[in-house]
Every structure is written in structure tokens, then in C-alpha cells.
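Numbering (the UniProt record's numbering), first residue to last: 1 to 118.
Following this line, the structure appears as C-alpha cells:
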């Protein structure tokens, strides 16, 4: 992998923690942690639980980064099908990491919105 790819992956792995840390200052001490299917909040927790969730949601990006790093080895062992080049596999992993990060940012922003609404 090239240096810029490592930098992007590092940013994607740190982004969930940065979003959670940035949101802590604007959230009250207790936030809604789960909303039931009927739209009612059924669990509250400390705003610092967001940091644990951020660590859990940073793991997929870390795993995608490691798989991207080993893309050539995956191809050499015949473990990749439907993609014709290791470079394209790395691009796919990078896009998936970006999508996961955007979804996580939406989740964190919804915590604040749920607190204000509830």
C-alpha cells in the first residue's frame, strides 16, 4: 500500500473516536442508548459509553485496513473472486471503510437528536 492509503486508513480508524470525543461536550451526562421499535427510548446511559461504541465501530475499519494491506496475498491464495486486480480490491475496502465511517457519524449524531427529542 502507498503512504496516502495508510494515511486514509489511519484517519478512518481514528474518525469514530474523534467524532465521539467531539460530541461529548454537547451532550448531557445521560443520553438515550436504545430506541425500541415503537420509537420509545428504553435504555439510557452515560455519554461516555459512546467512546466504547466508537472503539467497537472502529474495529471494522481496522480489519478492512489489514485486509487491504494483504490484498496481494489474498489474490495469490485464490481467496478473492469477482474482482480482477488487487488494486481494485483495495479500492473496494477503502470505499467500504468510508461508508462505515459515515454511518457511524450518523449514529453518534442521532444520539444527540434523540436526547433533545426525548
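Using N, Cα and C, we set each Cβ at its ideal position, and we do this for glycine too.
Query                                                                                                                                                                      : Result
Taking only runs that begin and end inside the segment 11-82, name each unbroken beta strand (DSSP E) of 3 or more residues, in chain order.                               : 30-35 and 41-46
Where residue 99 and residue 75 are concerned, what is the direct C-alpha to C-alpha distance, given to the nearest angstrom?                                              : 24 Å
So is residue 65 in contact with chain C if we call contact Cβ pairs under 8 Å?                                                                                            : No chain C appears in this structure, which consists of one protein chain only.
What is the DSSP secondary structure of residue 98, reduced to helix, strand or coil?                                                                                      : helix
When you compare the CB positions of residue 19 and residue 94, do they come within less than 8 Å of one another, or not?                                                  : no
Where residue 96 and residue 70 are concerned, what is the direct C-alpha to C-alpha distance, given to the nearest angstrom?                                              : 16 Å
Are the segment 41-48 and the segment 75-91 touching by the rule of at least three beta carbon pairs closer than 8 Å?                                                      : no
With a threshold of 6 Å on Cβ separation, who are the neighbours of residue 105 within its own chain once the five nearest residues in sequence on each side are excluded? : 19
Does the Cβ-Cβ distance between residue 47 and residue 28 come in under 8 Å?                                                                                               : yes
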